[in-house]
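Worksheet: the structure to be examined is printed underneath.
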Amino acid sequence: MSNKLNICFFGTGYVGLVSGTCFAKLGHYVTCADTDSEKISQLKLKKIPIYEPELTELVEQNFDSGRLKFAINSEIDLREFDIAVIAVGTPNKQDGSTNLTFVDEVVKFIKKQKHKNLTVMVKSTVPLGTCRIIYDELNKNSQYKIDVVSNPEFLREGNAVKDFLKPERIILGYFEKETKRKLGNLYQPFNKICKNIIHTDCQTSELIKYASNAFLSTKVAFINEIANICEKIDADINMIAYGMGLDSRIGSKFLNPGPGFGGSCFPKDIQALNKITDKLNTNNKLIAAVEISNNQWKLAVSKKILNYLQKIGSKKLTIWGVTYKANTDDIRSSPVIDIIKFLLAKNIIINCYDPMGLQSLKTIFGKEINYYSNIYASTQGSDLIVIATEWSEFKEVNFSKLKKGSKTIFDLRNILNDKAAKKAGFTIYKLGKKDKL
Ligand code: UGA
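Here it is, written out as structure tokens:
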């Protein structure tokens, strides 16, 4: 077998599109498939549906070289492929448990077309035991074995291409020993780049993904709770995070206070893990508390903003940054959505500016709020500026150009250079700092 494989990705969201494109860059032959024909037509024109640094260039290069193709599911003939990757969305149901409808549809499709040399790889985040269910389903009444591999992704939006090409670890869970050889070919280009290629069983691999996201969200919720204490006692959260992070057992990453964690992964995965532990009856307390803590914190931050506006007798503010973090256009579960809902219910007039996220925000709030494509115009007539994401544009803002609007800024990411802002006559409030809003 050549060490270059033919891979079919089902699902062209963040995970499917980024990892499919990167596998093509590494020399494999990749087809990214989706049921959304409009999306596939756009991708064939090299139009990328998401904002992700470096992705557009990589898609262009690999599409032009013929190593990356796009197709709708019905055009796929799995006899042409060595590996079928499931990379579809796994949203949560109303009750927080995982909706596996899209995964099930792909499994049905694969089952119809499976062949002896096919391996199925699951990159979607799925509840514990899902790979086993897929394995049993694909091998029911079959003369040969189709192996199922759990290979979770640890990509961060905004950094996804870099994360894929320089991974800190690659996790591979599978059932059949012989699969190791094929996975060796698939990940061969990483042998020199990544020291930690871990081979394990599927349930362990599935839980590594949930445990990682749960741990990171715990870190964020934890530092936000410490920020809350800081405000009560006049301590400095940034210095505390720095002091804590110097201990290599703790580490300095993911200790930045903010308005609460959001995105398409942390809130969803914490909820799903809670559902899983409920089912297992393991009586876990910490994971449930993280979700509660994050919700409480978003509300506390919203109340701080409202209290300030009430104190100065104003009803108008400007929010800079609406995505759940910087360097993405994604507003899914952005804490800003909760903040805006809270303030709208109190009849506050809201202006918003964001370099990438306003189009999506419009689909939620329509005419209820005002949208500005210019950061300087966005503050006119408002009495408070709230910085909700850490876009570098906000750090570099020219304060002397912010003439007509508010002279007060609530920096929810603690990113501003206070000296420049104060020199221009601004009052800055930060999270977990002495001067409270
Ligand atoms: C997260 C994980 O970091 C990835 O490893 C994982 O692959 C991905 O979920 C996923 O499961 O697909 P992502 O959702 O892109 O990635 O976002 P993060 O950069 O992890 O940030 C999550 C949230 O935590 C954001 O709202 C961010 O603003 C917040 N955060 C993060 C903080 O408030 N403070 C920090 O110090 C770090």
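Going left to right, the sequence shown walks through residues 856 to 1292 as the working numbering numbers them. Ideal Cβ positions, reconstructed from N, Cα and C, are used throughout, including at glycine. Everything numeric in this text was worked out from a predicted model, so none of it was measured.
Task: Unbroken beta strand (DSSP E) run spanning Trp1246, endpoints - done: As a position in the sequence shown, residue 1246 is number 391, starting the count at 1. First-last for Trp1246: undefined, no H or E at that position.
Open item on the list: For Thr1173 and Gln916, what's the separation of their Cα atoms in angstroms?
Closed with: Mapped onto the sequence shown, residue 1173 falls at position 318. Mapped onto the sequence shown, residue 916 falls at position 61. Roughly 40 angstroms separates the two Cα atoms.
Open item on the list: For a quick check, are the C-beta atoms of Tyr1208 and Val1191 less than 9 angstroms apart?
Closed with: Residue 1208 sits at position 353 when you count from the first residue of the sequence shown. Residue 1191 sits at position 336 when you count from the first residue of the sequence shown. It is not a contact, given that the beta carbons lie outside the stated cut-off.
TODO: For Met1094, count neighbouring Cβ atoms within 10 angstroms of its own Cβ and tell me buried if that reaches 16, exposed if not.
DONE: Here residue 1094 refers to the residue found at position 239 when the sequence shown is read from its first residue. By the 10 Å Cβ count, Met1094 comes out exposed.
TODO: Taking only heavy atoms of ligand 1 into account, decide whether any of them is closer than 8 angstroms to the Cβ of Cys1085.
DONE: Within the sequence shown, residue 1085 is the residue found at index 230, counting from 1. No, the beta carbon of Cys1085 sits no closer than 8 angstroms to any heavy atom of ligand 1.
Open item on the list: Across the stretch 1261-1269 and the stretch 1219-1238, are there enough close Cβ pairs to call them in contact, namely three or more that are closer than 8 angstroms?
Closed with: yes
Open item on the list: In this structure, how does DSSP classify Ser874 when only helix, strand and coil are distinguished?
Closed with: Your numbering for residue 874 matches position 19 in the sequence shown. In the structure shown, Ser874 sits in a helix (DSSP, three-state: H, G or I).
Task: Simplified DSSP state of Cys1120, which is helix, strand or coil - done: Translated into positions along the sequence shown, residue 1120 becomes position 265. Here Cys1120 sits in coil by DSSP.
Task: Gly1039, enclosing alpha helix (DSSP H) - first and last residue - done: Translated into the one-based positions of the sequence shown, residue 1039 becomes position 184. Note, Gly1039: alpha helix (DSSP H), 1034-1041.
Open item on the list: I need the boundaries of the alpha helix (DSSP H) containing Asn1093, first residue and last residue.
Closed with: As a working note, residue 1093 is residue 238 in the sequence shown. Asn1093 -> alpha helix (DSSP H) spans 1092-1100.
Open item on the list: Please report the distance separating the alpha-carbon of Lys1288 from that of Gly1100.
Closed with: Locating residue 1288 in the sequence shown gives position 433, counting from the first residue. Locating residue 1100 in the sequence shown gives position 245, counting from the first residue. Between Lys1288 and Gly1100, the C-alpha separation is close to 18 angstroms.
- [ ] In the DSSP assignment, find the unbroken beta strand (DSSP E) run with Tyr884 in it and report its ends.
- [x] Position 29 of the sequence shown holds residue 884. Where Tyr884 is concerned, the enclosing beta strand (DSSP E) stretches over 884-889.
- [ ] Verify whether the separation of the beta carbon atoms of Leu881 and Leu898 is less than 9 angstroms.
- [x] Along the sequence shown, one-based indexing puts residue 881 at 26. Along the sequence shown, one-based indexing puts residue 898 at 43. Not a contact, by the Cβ cut-off of 9 angstroms.
- [ ] Taking Asp1089 as the reference, give the member of Phe918, Asn1111, Leu1292, Cys877 with the closest Cα.
- [x] Residue mapping note: residue 1089 aligns to position 234 of the sequence shown, counting from 1. The shortest Cα separation from Asp1089 among Phe918, Asn1111, Leu1292, Cys877 belongs to Leu1292.
- [ ] Could you say if the stretch 1206-1221 and the stretch 1182-1198 meet the contact criterion of at least three C-beta pairs nearer than 8 angstroms?
- [x] yes
TODO: May I ask you to report which of helix, strand or coil DSSP gives Leu1172?
DONE: Indexing the sequence shown from 1 puts residue 1172 at position 317. Here Leu1172 sits in strand by DSSP.
Open item on the list: Less than 8 angstroms separating the Cβ of Ile1078 from some heavy atom of ligand 1?
Closed with: Within the sequence shown, the letter at position 223 stands for residue 1078. Yes, Cβ of Ile1078 sits closer than 8 angstroms to a heavy atom of ligand 1.
- [ ] Decide if Lys1285 is buried, meaning its Cβ has at least 16 other Cβ atoms within 10 Å, or exposed.
- [x] Within the sequence shown, the letter at position 430 stands for residue 1285. Counting Cβ neighbours within 10 Å, Lys1285 comes out buried, since at least 16 surround it.
Task: Residue burial classification, Gly1013 (beta-carbon count within 10 angstroms, cutoff 16) - done: Here residue 1013 is taken as the residue at index 158 of the sequence shown, counted from 1. Flag for Gly1013 reads buried.
Open item on the list: Could you check whether the Cβ of Lys859 sits closer than 9 angstroms to any Cβ belonging to chain D?
Closed with: The chain labelled as chain D is not found in the depicted structure, where only one protein chain is given.
Task: Beta-carbon spacing of Asn994, Ile988 below 9 angstroms - done: One-based indexing of the sequence shown puts residue 994 at position 139. One-based indexing of the sequence shown puts residue 988 at position 133. No; because the gap between Cβ atoms is not below 9 angstroms, this pair is not in contact.
Open item on the list: DSSP has Met976 in a bridge; who is on the other side?
Closed with: Residue numbering aside, residue 976 sits at position 121 when the sequence shown is read from its first letter. Looking at the DSSP output, Met976 shares a beta bridge with Val940, Val1004.
Task: Pairwise C-alpha distance: Ile1078 and Asp1091 - done: Within the sequence shown, the letter at position 236 stands for residue 1091. Within the sequence shown, the letter at position 223 stands for residue 1078. If you take the alpha carbons of Asp1091 and Ile1078, they lie about 12 angstroms apart.
TODO: Determine the contact status of Val961 and Ala939, defining contact as a CB-CB distance below 9 angstroms.
DONE: Taking the sequence shown and counting its residues from 1, the one referred to as residue 961 is at position 106. Taking the sequence shown and counting its residues from 1, the one referred to as residue 939 is at position 84. A contact, by the Cβ cut-off of 9 angstroms.
Open item on the list: On the DSSP letters alone, give me the boundaries of the beta strand (DSSP E) that Lys1289 sits inside.
Closed with: As a position in the sequence shown, residue 1289 is number 434, starting the count at 1. Unbroken run through Lys1289: none, as it is neither H nor E.
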